[in-house]
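**Student:** Structure provided below as structure tokens; questions to follow.
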Amino acid sequence: MKARHSGVFDLSLFVAALILWIIGIFVVYSATYINVTGPLAGLYKSQIMWVVMGIIVVVMAVSIPGKFFFNSSYVFYGLSILLLLYATAKGVDAKGASRWIAIGGMRMQPSEFAKIGLLLALARFLSQNEISLVNWRSLIFPAMIIGVPFLLVLKQPDLGTAMVFCILSIPMFFWAGMSLLEIFFLCSPVMSVALSAVPLVIAFGAHKSGAGFAGTIPWGLFFLSLTAVLYYTKPPRFIIVAVIALNLVAATVTNVIWGTVLRDYQKMRVISFLNPEADAAGAGYQVIQSMVAIGSASVFGKGYLQGSQSRLSYLPEQHTDFIFSVFGEQFGLVGCTLILSIYLFLVIRALSTVQHIRNRFTNLVVIGGSTVLAFHAFINAAMVMGLMPVVGVPFPFLSYGGSFVLTVSILLGLILNARTSSQDF
Amino acid sequence: MPKSARLQDELAERTRKSRILMGVVAAAFVALFLRLFFLQVVDADKNIRLSRENQMRLNIIKAPRGLIYDRNGVMLARNRPSYSISILPYKTERSIDIFKRLMSVRDSLGRPVFDSVDLSLRLTRAKWRRFEETRLKDDVSMDVVSVIEEHSDDLPGVYVQTESRREYPMGSKTFHALGYMSEINDDQIDSLSKFGYMYGDQIGRAGVEEQYEKTLKGVDGREYIEINAYGRNIGNVPNTPRIDPKPGNDIYLAIDSKMQEIAARDFGDSLRGGLVAIDPRNGEVLCMYSSPSLDPNIFSLAPNIRSKEWAKVALDPRLPLNNRVTTGVYPPGSTFKLVTALSGLASGRVKPDEHMPRSCTGSFAFGSRIAHCWKKDGHGYTNVYEAIRSSCNVYFYQVGLRVGDSLINFYADRVGFGHQTGIDLPSERSGWLSGEAQYNEKYAKRGWTWTGGMVLDLAIGQAQLVTPIQEAVMVGGLGTGDIVYTPHVFKEERDRNGTVINQFKPVISRHVGLNQYLRDCLHKGMAEVVNEPGGTGGRARVPFLTVGGKTGSSQNPFSDKTHALFVGCAPLDKPVIAIACVVEEAGHGGSVAAPIAGDVMRYFFSRTPEGRMLTESSARADGKEQELAAYWAQIDSVIKAERNPVVPDSTKVQPTVATAKSAPAVKPKGSGR
């Protein structure tokens, strides 16, 4: 059993990734070929270059002993934080966000590499320490590891990456010993904010001054079920107090901030963020056009290079964040199902790796890496299909972008490395 | 590595946790699959429709507007392409200093095309509308267009756009007859939208442009074009119907552009008034000029210049927009005496050779009122011919008293006064005939009532209001003595291939119905006005032909100077041209209005084929071939001079104009009245 699964390069995983990358090059071409001049012209060529570099990075990452990553994880983390700090201070401005830094002639996105740094650092810490809500002191260090890059990218502002940092850590916490219940308690204040904010947003959209009594119902139900869970599971008293207090504070602060601090134009931004169709010509435009592009493809799609929505530039950022709708418009339900199936296979295959490895650090890296890949794909697809608000998260393997291709290949390399490396270091 | 430093997980625990995570991922992807199914299968039709709507846009192809020609095929209104420079900012890369590059564009004379202040303002505005075209410069010349197109690689996002603009080669000379074009306004759009008009469309205003809007406009075509998100045209959508535009038909007017030029030249910049010449045999308007005029080409200039010019025109107290020929109302003055004479003779209350009982001593006492004649010394006893010739007021006072206001108005009505003539131009005025009933009705509110003495004013044309076109119709009717046709400027409508679609058929508007006796009497008087010594209209004479006419100098409340009027027709026995000329506040009809009308008539009878033929036959009948040959030689030299204008030198400033002025060979000998 062990012999079959460890110490062997997982070819099927690598082939799945390769297929996705090759499809990605063709989709990038179809998304940009209409541009004969300008910055988008011939973009697929540089994507080919990035993919070739990505494959080299995968091979490199696979050949490096796993112990190296364990030992140098904090160094990686420190370096990526330094780059983030540098980008925040001196970054190249792109669409109002200082995400880029220029090194030589190349531009790179430190927030991409921060994902790797955070992943390794968190895996290293969690591989050496048990964490639990009961022993709340065990959470301080991981909170700091996550908090620093989180705040830095939030300041850029890059909400998508900030979300990736948070989501990445939850399965790792789970793996590191937190129960599902503890994770539920941990996430409950965030849900309180969301549930108390939604009625306010709806009321503002309908030009009412407040949400009224009905607006408190969603949060009220949530809070009731939370207390019920607390009652039946009987966690230590300080957890009960902390969870109830945090949820109450979260809901109250949300209401206070909405009522007094935020100005109307800021509220409008929140609304178009949450409900794109409220402003179909403005902020919601992109998502609607993207949904139309995917939906108009029907079952078999419009054919390669035949996508009218993308050809006619109705899709924004079509070579990066909206690459999935460019693909979807051309290849329809069949193509989308195929891509998502390959992707699902890749993630499940990666996750299945951990069953055969005893090394906790390696497992945590694989769990975190798979989470990053799965979360990117899910958020991106959900966003372009109108299931989620638009946050700038690219689709792994398909989206154009040097830094992102390299990040994905490092993640893939780390996952593949888990099988090939010796178990004990 | 010590075991305490790192934890190892057991197989069962690993399997359980990884299965949970796989389950979460799989569930998330199932949600994606469901969403895909919803978008691409359940909602597919809606999304396909939306995607089609995205790419297709109905594009209106403007039909080219019909052209307008004069009776000889001279172009009076045409369409010219106008080039404007626009920018589509999203196409311009940020790194390029487009302002600097545009400022370096120069025209053929080396001047910069753009104004730096204006350009920077427009570029700033354009930055806020990155996906919309913003106009940078209107109506640029062809050489600028070629410069921009040559350097299109250096000017990404900068485009040249073409549109059609109306142009009037004759400018102010034909303004009032043709009208002008302007953008459709908000009030009209509701009623006109069902005829295919849209916001921003041009529509004819005033004149022929308004009257024959439907003919000239044509039918706009439509096509479906593929549009990208930035609104740029990608091309036609296959398998969609394309309806080609139907160009507007061309209109040929009865107007003679050369006569317009002469009228415009004679009125110049200082005289105000109107001149109209019609063909009394069918109602064709040969010449229609109203002064002051304006150049309608200002309406198709760039918007900022247009509004400036428009303000100037609209606020001008001389009302240059009014077509005085159809909307200007004036007291007819002495020209009305023809109608008074007609009423006296036709009713039998005045005999042609009969002298009125009271002699003209320069004034006439009626009750307590002393009414004057224009000649202080008086005319003595006169018969109707002498009275018409010398325009004696006192004679016509007595005719008026004899005939009475209702009978005078009966005949005034018969020759067309008091009604719209029905000319095919918008907003014609009907004027006003005085008289007991009309006067009492009009001034009932002020409490004024008609008194018997007012018939004196009525008899000499100081009480009525008439338009120049009515005057021309009147004199034409008296000239033919028979049928009066509705005047019209439209002659025929032709399509683009020159096929005649529609020709104007003369419309009979009324019968004057003069018998031979009345015609002879009136014609004798009218002929004497122009051709006899002592006649007031001597300056309207035409060589070899008999012109019949009447001058008028009507008093008006606006000025001490009288309006100068002249009406006439020629040749008197069988008129082919009837003319009316009104010059506002300019003095006496014989000295101001008659020469202008004379110039136009002399042109007609010496330069147009029909006029020349008539002159020739008339001269032959009188046995004046030699004089005629000399006259023709003179005319031909004038034509030659016009065709090859002498280069003006310092001593002779404008030789062509000078010779043209002296064109009429026979200098009128009349005293100028």
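Protein sequence lines correspond, in order, to chains A and B. End of the first sequence = 1030 in this note's numbering, gap-free, step of one. End of the second sequence = 654 in this note's numbering, gap-free, step of one. The beta-carbon is built from N, C-alpha and C at its ideal position, and this holds for glycine as well.
#1: By Cβ distance, which residues of its chain are closer than 8 Å to V488/B, with the 5 residues on each side in sequence left out?
#2: Going by Cα to Cα distance, which pick from V310/B, L57/B, C373/B and L302/B is closest to H336/B?
#3: If we cut at 9 Å on Cβ distances, does D24/B have a partner in chain A?
#4: Count the other C-beta atoms from every protein chain shown that fall within 10 angstroms of the C-beta of K198/B, then say buried if there are 16 or more, exposed otherwise.
#5: Please list, in chain order, the chain B residues whose beta carbon lies closer than 7 Å to that of P776/A.
#6: For a contact defined as C-beta to C-beta under 7 Å, what are the partners of L69/B on chain D?
#7: Less than 8 Å between the CB atoms is what I'm expecting for L546/B and T532/B, so what's the real figure, rounded?
#8: Does any residue of chain A bring its CB to less than 9 Å from the CB of R82/B?
#9: Whose C-alpha, out of F1002/A, I984/A, T967/A and F1009/A, is nearest the C-alpha of T1025/A?
#10: Tell me whether the beta-carbon of G457/B lies closer than 9 Å to the beta-carbon of R350/B.
#11: Round the Cβ separation of L956/A and L2/B to the nearest angstrom and send it over; I've been treating them as touching at under 8 Å.
#12: In terms of residue numbering, what span does the alpha helix (DSSP H) encompassing T859/A cover?
#13: Measure how close the beta-carbons of R395/B and R330/B come, nearest whole angstrom, since I'm counting them as under 8 Å.
#14: Measuring only the C-alpha atoms, how far is D541/B from E566/B?
#15: Under 7 Å Cβ-Cβ, which residues of chain A neighbour T(-4)/B?
#16: Check whether chain A comes within 9 Å of S(-1)/B, counting only Cβ atoms and requiring the distance to be less than that.
#17: Using 8 Å for Cβ pairs, my map puts S618/B next to F525/B. What's the rounded Cβ distance?
#18: Do I558/B and D247/B have their CB atoms nearer than 9 Å?
#19: From what residue to what residue does the beta strand (DSSP E) around N421/B run?
#20: If I243/B sits next to Y584/B, beta carbons under 8 Å apart, how far is it from one beta carbon to the other, in whole angstroms?
#21: From the DSSP output, in three-state form, read off Y638/A for me.
#22: Less than 8 Å between the CB atoms is what I'm expecting for S238/B and M151/B, so what's the real figure, rounded?
#23: If we ignore side chains and look at the alpha-carbon of each, how far apart do Y682/A and L725/A end up?
#24: Starting from M56/B and walking both ways along the beta strand (DSSP E), at which residues does that stretch end?
#25: I need the DSSP call for W630/A, collapsed to helix, strand or coil.
#26: Using alpha carbons as the reference points, say which of L275/B, D250/B and I129/B lies closest to Y161/B.
#27: Which same chain residues end up closer than 6 Å to L446/B when comparing Cβ atoms and leaving out the 5 residues on each side of it in sequence?
#28: Would DSSP call H610/A helix, strand or coil?
#29: Taking 9 Å as the CB-CB limit, is Q21/B close to chain A?
#30: Cβ of Q443/B within 9 Å of Cβ of G604/B?
#31: Can you tell me which of V200/B, P333/B and T432/B puts its alpha carbon nearest to the alpha carbon of P226/B?
#32: So is A902/A in contact with chain B if we call contact Cβ pairs under 9 Å?
#33: Do we get a CB-CB distance below 9 Å when we pair K108/B with the residues of chain A?
#34: Keeping to the same chain, check which residues put their C-beta closer than 6 Å to that of G629/A; ignore five residues upstream and five downstream.
#35: Does any C-beta atom of chain B lie closer than 9 Å to the C-beta of T1025/A?
#36: Taking a contact to mean a Cβ-Cβ separation below 9 Å, would you say I369/B touches L439/B in this structure?
**Tutor:** Taking the geometry as given:
#1: G264, G403, Y466, T467 and H469
#2: C373/B
#3: yes
#4: buried
#5: L2
#6: The chain inventory of the structure shown lacks chain D, comprising the protein chains A and B.
#7: 7 Å
#8: no
#9: T967/A
#10: no
#11: 6 Å
#12: R842 to V861
#13: Contact doesn't hold; Cβ gap of about 16 Å is too wide.
#14: 8 Å
#15: Q960
#16: yes
#17: About 18 Å; that fails the 8 Å criterion.
#18: no
#19: Per DSSP, N421/B belongs to no beta strand (DSSP E); it is in the alpha helix (DSSP H), E417 to K423.
#20: 5 Å
#21: coil
#22: 6 Å
#23: 7 Å
#24: M56 to I68
#25: The sequence shown places Ile at residue 630/A, not Trp. I630/A: helix per DSSP, three-state reduction.
#26: L275/B
#27: V310, G412 and W413
#28: Here the model assigns H610/A a pLDDT of 46, short of 50, so the residue's position is not dependable, and the following value carries that caveat. Residue state, collapsed to three classes: helix.
#29: yes
#30: no
#31: V200/B
#32: yes
#33: no
#34: F1002 and L1003
#35: no
#36: no
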